[in-house]
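Remarks on the structure that follows.
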Amino acid sequence: MFSSQEEFKEAYLKKLEMTSGKAFPDTTLQDRYDTLGQLIREYISMNWIQTNEQYRYQKQKQVYYLSIEFLLGRLLRQNLMNLGIYELVEEGLGDLGIDLKDMEDVEQDAALGNGGLGRLAACFLDSMASMDLPGHGYGIRYKHGLFEQKIVNGYQMELPEQWLRHGYVWEVRKPDLMMQIPFWGRIESSEKDGVTSFRHVDAEIVAAVPYDLPVVGYGTTTVNTLRLWNAEPYAYKAGRDMMKYKRDTEAITEFLYPDDTQDEGKVLRLKQQYFLVSASIRTILESYLSRHGDLTNLHEHVAIHINDTHPVLAIPEMMRVLIDEYGMDWDSAWGVTTKTFAYTNHTTLSEALERWLVRIFQPLLPRIYMIIDEINERFCRDLWDAYPGEWGRIEGMAIIAHGEVKMAHLAIAGSHSVNGVAKIHTNILKEREMNLFYQYFPGKFNSKTNGITHRRWLLNSNPPLASLIQSAIGDAWIKDPSRLSELESFTADSAFLENLHKAKQLNKKRLADRILQTNGIVVDPDSIFDIQIKRLHAYKRQLLNILHILHLFNRCQENPDADIPSRTFIFGAKASPGYYYAKKIIKLIHSVADLVNDHPAVKGRIKVVFLENYRVSLAEEIIPAADVSQQISTASKEASGTGNMKFMMNGALTLGTLDGANIEIQEQVGDENIFIFGLRAEEVMKQQQDGSYYSMEYYHHDERIKKMLDQLIDGSLPDAGDHFETIYDSLLAENDEFFVLRDFDSYAKAHERVASAYRDQESWLRMSLINIARSGYFSSDRTIAEYAREIWRIGGVGLR
Ligand code: 26W
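Sequential numbering of the sequence shown, starting at 1, is according to UniProt numbering.
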């Protein structure tokens, strides 16, 4: 391979000309990127093979993270940084007249996820590898990731995403490890010496072909694996419509379902879920048996984690394989299964909880349905013994009821651990959403506050700040993020604070250039960069943000000399294609932007920018430039949030409600270093319960609110037509489900506090530094250390 710049250049040039068949000057950016990627992927192979050898021979307990989403983003910079060869490659390419940054921009985001859940899975992979933990991911190789968002006249349009258009340098196809996945068909049972065995006949077989991606740890030789399954035709049956079979088969991994809170209940989604878990479980068991003989203590050597309910069919699939293929009896199989599986819940929104209609489920997965039915029978019998006569309770906990299979109930019954993703979220699960289960299985419930990999979200995406930190406290924080706390000793160091300001200005300038280039809007890098980037959803209240901006505009009109500090409001958000209300909000943001951006009364003090096609690589550009991080969900609705942690780590101050992990950010930084507003979770839940909230009151009693809402429908807004009537009605006629009007006054006051705090730059920078210094807790290394110690029960270097 190469260990010096010279060797790198030589290896690179040779490979470029060999693979492209072109003389260097004729090679395209894509040629140059493909070659670099392949070269690095080969460079990784040695450690990759060695890591797997080590796991095989040392028989270490393995963790498998099953997720229907992995929102990876780009991998080139992460791999070069984690291999410690970023500078070497950057300078080597520089000598050849190639800018590594241009290479990085060629790479497509691997957008195999919707939002928080998918990105968390990606951060977890980076932490497990960097902590030398034997943790692997299993997912789906969607041909098209999350749709590409195009904004046309303020409207979201969706285009198919094409990440595989030029191939994908990081993956290795392994057809020899293909798995056959049966769908439809029927189950034949036969009795022999008292043992009933089951055969799945007339099934439609789909081939699951694995593509492996290396997961390179930082500053170590550990390289774990992310296995992504691809659906391909297995065998053409005589008399079978071959084209339909081919289409039906490939459709399984064609698209990522673009919903992140709405369970559509489509049979193709169910096929995706079983496809993922069946291929994964059988692979895990085969590799286990290649290292260990006896399946009865599988749980001592294997931990399987299901990321929300989407992969929960792994539990009945494990039962099927242990009983039907390895002849284990039910009770031993159930014992092993429940000790092997752990489940994380990521949302309490009722519409997001998966429940499959039996009439869809049973025909597609006949054997799995039989097993779930048996699990449910035995579970309800146990409940009856524990709660004799309490039909209501048992009905509320049953896995199959009213013609539906309740996936969360199956996950809880079939796992030894059930965790929420932030303290408040776990408490809400215990006290409300899953209270009956908490009463019955108290020992299973635990909380694991989310985290983010500081290597991608600080070290890699914010070089100005990372090098300032390294110049002050060295680089121990990269391996041990809690060491960021050493920065606290610089809060009184005005020279350091000045450099902190310079780093932020550099990032703001860079983002301002991008905004001019992509949106043609001039923004002032000295204005407050106030940012809300996340999926568009009513509970995340982008509506509250844009209504407040409309209010600021009204203030400018009423009093053009009002002392309003100039602010740049930046939005980035995709709405699920079928979520029309969310799409209206996107249109409203554009309409308000058109109204205020060059309005004479505003005098440039307010700029509204909607950045199109929000994704991981764009977030890496936006977050380092942030002054204010908007985390304004209706309290009790956002399970945790992870964007909030990324902004904190990059020195932005949080403007938020006491919801999700915002509460734990406040605990870390103290009231004086965060801007909190709004109803608390218990107040929201109480008012939702007792129906004591009447939004109309706020319309009638708050002039500001009346004015804004009237502007939604009185033609004040450009190109409004009747578009915003649904929004107007949702706030009044439908009584404002997410308390937007109720929290408006408190929100506006919090913005005032932000504005006045920003005027005192020295103290603002001190607050910013405190947030960075106290952000180590929110590294996914801390989160993974807790999962490893308390759920998966594995040790590792990183856990010392
Ligand atoms: C069935 C459709 C569907 C798809 C995805 C329902 C629900 C989901 C995800 C669970 C939604 C999600 O991404 N939840 C987010 O998970 C993050 C990681 O834990 C949390 O930080 C966010 O608060 C939570 O909204």
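In this text, a Cβ means the ideal position worked out from N, Cα and C, and glycines have one as well.
If you follow the beta strand (DSSP E) that residue i is part of, which residue opens it and which one closes it?
| i | result |
| --- | --- |
| MET157 | 155-159 |
| GLU6 | Element bounds for GLU6: not the beta strand (DSSP E) but the alpha helix (DSSP H), 5-20. |
| ASN419 | 417-420 |
| GLU786 | Run containing GLU786: none in the beta strand (DSSP E); it sits in the alpha helix (DSSP H), 780-787. |
| ARG567 | 567-572 |
Taking the beta carbon of residue i as the centre, do at least 16 other beta carbons fall within 10 Å, making it buried, or is it exposed?
| i | result |
| --- | --- |
| ASN450 | buried |
| LEU679 | buried |
| GLU107 | buried |
| LYS502 | exposed |
| LYS22 | exposed |
| MET243 | exposed |
| residue 878 | It is not possible to answer for residue 878, since the shown part of the chain is limited to 1 through 800. |
| VAL201 | exposed |
| GLN711 | buried |
| ASP193 | exposed |
| ASP109 | buried |
| ARG74 | buried |
| LYS150 | exposed |
The alpha helix (DSSP H) that contains residue i, what's its start and end?
| i | result |
| --- | --- |
| ASN735 | Here ASN735 belongs to no alpha helix (DSSP H), and DSSP marks it neither H nor E. |
| PHE553 | 542-558 |
| residue 803 | Here the chain has residues from 1 to 800 only, and residue 803 is not among them. |
| LEU289 | 267-289 |
| ARG359 | 358-364 |
| LEU80 | 76-83 |
| GLY604 | No alpha helix (DSSP H) holds GLY604; DSSP gives it neither H nor E. |
| residue 855 | This structure leaves residue 855 out entirely; the chain is present only between 1 and 800. |
Taking DSSP as the reference, what is the three-state secondary structure of residue i?
| i | result |
| --- | --- |
| ASN462 | coil |
| ASP212 | strand |
| TYR234 | coil |
| ALA342 | strand |
| GLY396 | helix |
| TYR257 | coil |
| PHE677 | coil |
| MET242 | helix |
| TRP179 | Note that residue 179 corresponds to Met in the displayed sequence, not to Trp. Strand, per DSSP. |
| LYS686 | helix |
| TYR326 | coil |
| ASP714 | coil |
| ARG800 | Below a pLDDT of 50, predicted positions are generally treated as unreliable, and ARG800, at 47, falls in that range; the measurement from the model is reported next regardless. DSSP places ARG800 in coil when its eight states are reduced to three. |
| GLY643 | helix |
| TRP229 | strand |
| ASN47 | helix |
| LEU39 | helix |
| GLN62 | strand |
| LYS192 | strand |
| GLU390 | coil |
| ILE315 | helix |
| GLN162 | coil |
Tell me which same chain residues have a C-beta within less than 8 Å of the C-beta of residue i, skipping the five on either side of it?
| i | result |
| --- | --- |
| HIS409 | MET397, ALA398, ILE399, PHE437 |
| ILE622 | LEU511, ILE531, ILE533, ILE570, GLY572, LEU611 |
| ASP659 | ILE424, GLN631, SER633, THR634, ALA635, SER636, LYS637, GLU638, GLY641, ALA681 |
| ARG800 | Residue placement at ARG800 cannot be trusted, given a pLDDT of 47 that sits under 50; what the coordinates show is reported in the next sentence. So no residue of the chain qualifies. |
| SER763 | ALA757 |
Below 7 Å CB to CB, which residues in the same chain sit around residue i once its five sequence neighbours on both sides are set aside?
| i | result |
| --- | --- |
| VAL89 | PHE8, LEU80, LEU100 |
| LYS508 | PRO525, PHE529, ALA625 |
| ARG535 | ASN114, GLY115, ASP260, ALA573, LYS574 |
| TYR257 | GLU264, ARG269 |
| TRP184 | ALA203, GLU204, PRO363, LEU364 |
| GLU664 | ALA422, LYS423, THR449 |
For residue i, which residues in the same chain have their Cβ closer than 6 Å to its Cβ, ignoring the five residues on either side in sequence?
| i | result |
| --- | --- |
| ILE452 | CYS123, THR642, MET645, LYS646, SER780 |
| TYR218 | ASN82, SER130, ARG455 |
| HIS144 | PRO160, GLU161, PHE255 |
| ALA538 | PHE738 |
| residue 802 | Any property of residue 802 remains undetermined from this structure, which presents the chain solely from 1 to 800. |
I'd like to know whether the C-beta of residue i is nearer than 9 Å to at least one C-beta of chain C.
| i | result |
| --- | --- |
| ASP331 | Chain labels in this structure do not include chain C; a single protein chain is all it has. |
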